[in-house]
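To start, the structure under review is shown below, and the notes come after it.
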Amino acid sequence: MKIILRMIPALFTLVVLIVTGSSQGKKNMRIYISVDMEGIAGVVTADQLLPAGFEYERFRVFMTDEVNAAIEGARAAGATEFVISDSHGNSQNLLIDKLPKDVLLVRGSPRPLSMMEGIDNSFAGAMFIGYHASTNNKSGVRAHTMSSALLTNISIDGISVPEAGFNAAIAGQFGVPVIMITGDDVIIKEAQALLGNIEGAAVKRAIGFHSAESMTPEAARDLIRRKAQDAVSRIGDFKPYKVRTPVQLDISFKNYRPSELLSYLSIVERTDSHSIRFMAKDMVEAQKFLEFVTSYQPDLAP
197 MKIILRMIPA LFTLVVLIVT GSSQGKKNMR IYISVDMEGI AGVVTADQLL
247 PAGFEYERFR VFMTDEVNAA IEGARAAGAT EFVISDSHGN SQNLLIDKLP
297 KDVLLVRGSP RPLSMMEGID NSFAGAMFIG YHASTNNKSG VRAHTMSSAL
347 LTNISIDGIS VPEAGFNAAI AGQFGVPVIM ITGDDVIIKE AQALLGNIEG
397 AAVKRAIGFH SAESMTPEAA RDLIRRKAQD AVSRIGDFKP YKVRTPVQLD
447 ISFKNYRPSE LLSYLSIVER TDSHSIRFMA KDMVEAQKFL EFVTSYQPDL
497 AP
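Heads up: the sequence shown begins at 197 in my numbering, then just goes up one per residue.
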């Protein structure tokens, strides 16, 4: 009896530690959300995607609403902290005053990690909202990879990847799994083939490069909210997408001059008339190189 009485304080302390540890784990569940625009419900042309488009301002609202739906679903499953990366065009699309007051928003460009700026090892998972298929996919609404004007392909270690794959590899370097993606049916299939059974919210069915059968914004939000909750509810099922190092980065251009000029650098190998290869020590270096290639202009100012 004396032994049991002596054990009670220790058992009480153990229970407190378990409960405290569990609550702290929930309290610190951080989710990273990278947001593009081509995969938002209803988007089919530049009229929705560019500031000059007659529907752009409306679709900024829909884009922001889809992010909020993902946040709501994730919160319902226990996530409490969010960093949002505005990753379309000039990276100034999301309506900051329409986001929850407790989230952080990354916006503007250029930035070292581009669509994944702000990612680190403190996040439990990453979500990709409004994503699209890769440039060499014969299907997909507004399909392209990183730059529709410059590039025809990006490969990591010989595997052609969409933006979702490239960004997932960046997250994977920090041990963060991608748990959900939204967009048209084509990118859902493309991402799941590469990343495994992540949650996918197909808010539209691709018909052509500039056409789709789309859900309404309200229906899309409902689907995204549900899929986000499902993703966070089974967050332990997902594994980070890791690539071996050093990383072989192959980039193909629409024109030959970029590959010619970049090959003047000793760190770059020209593999054919339109393509180059860069060996990066890791995905962070690969992304910084890609950001330079797609963003640098000699006359940049200020």
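Yeah, the Cβ is synthetic: ideal placement off N, Cα and C, and Gly gets one too. These numbers were taken from a predicted model, which means no experiment stands behind them.
The residues M475, A476, K477, D478, in chain order, have a CB closer than 8 Å to that of P442 in the same chain once the five nearest residues on each side in sequence are set aside. Under the three-state reduction of DSSP output, F485 falls in the helix class. In the DSSP assignment, L445 falls within the beta strand (DSSP E) that extends over 443-449. Pairwise C-beta distances place the segment 455-475 out of contact with the segment 365-384, as fewer than three of them are shorter than 8 Å. The alpha-carbon of G336 is positioned some 21 Å away from that of I352. Cβ contact annotation for H406 (same chain, cutoff 6 Å, sequence separation greater than five): V240, T241, in chain order. Under the DSSP definition of a beta bridge, K400 partners with D380, S410. With respect to the 9 Å criterion, S283 and D232 are classified as neighbours on the basis of their beta carbons. Looking at the DSSP output, F319 shares a beta bridge with R226.
When secondary structure is reduced to three states using DSSP, I366 falls in the helix class. Residues of the same chain with their beta carbon placed closer than 6 Å to that of D468 are lacking, with the five preceding and five following residues left out of the count. In the three-state scheme derived from DSSP, where H, G and I count as helix and E and B as strand, Y327 is classed as strand. Taking 9 Å as the cut-off, the beta carbon of A273 is found closer than this to the beta carbon of A427. The DSSP-derived three-state label of L347 is strand. Here the alpha carbons of E414 and R421 stand approximately 11 Å from one another. In this structure, L458 places its C-beta atom within 9 Å of the C-beta atom of V489. Listed as beta-bridge partners of V302 by DSSP are S281. For I472, the beta-bridge partners assigned by DSSP are I447, R466. Excluding its 5 nearest sequence neighbours in each direction, S448 has C-beta neighbours in its own chain below 7 Å: L347, T348, N349, H470, S471, listed in chain order.
R226 and A320 do touch by the CB rule: their CB atoms are close to 6 Å apart, below 8 Å.
In this model, R271 and Y460 are separated by some 50 Å (Cα to Cα).
By the neighbour-count criterion, in which a residue is buried when 16 or more other Cβ atoms sit within 10 angstroms of its Cβ, D298 is exposed.
Going by DSSP, R256 is part of the alpha helix (DSSP H) stretching over 252-272.
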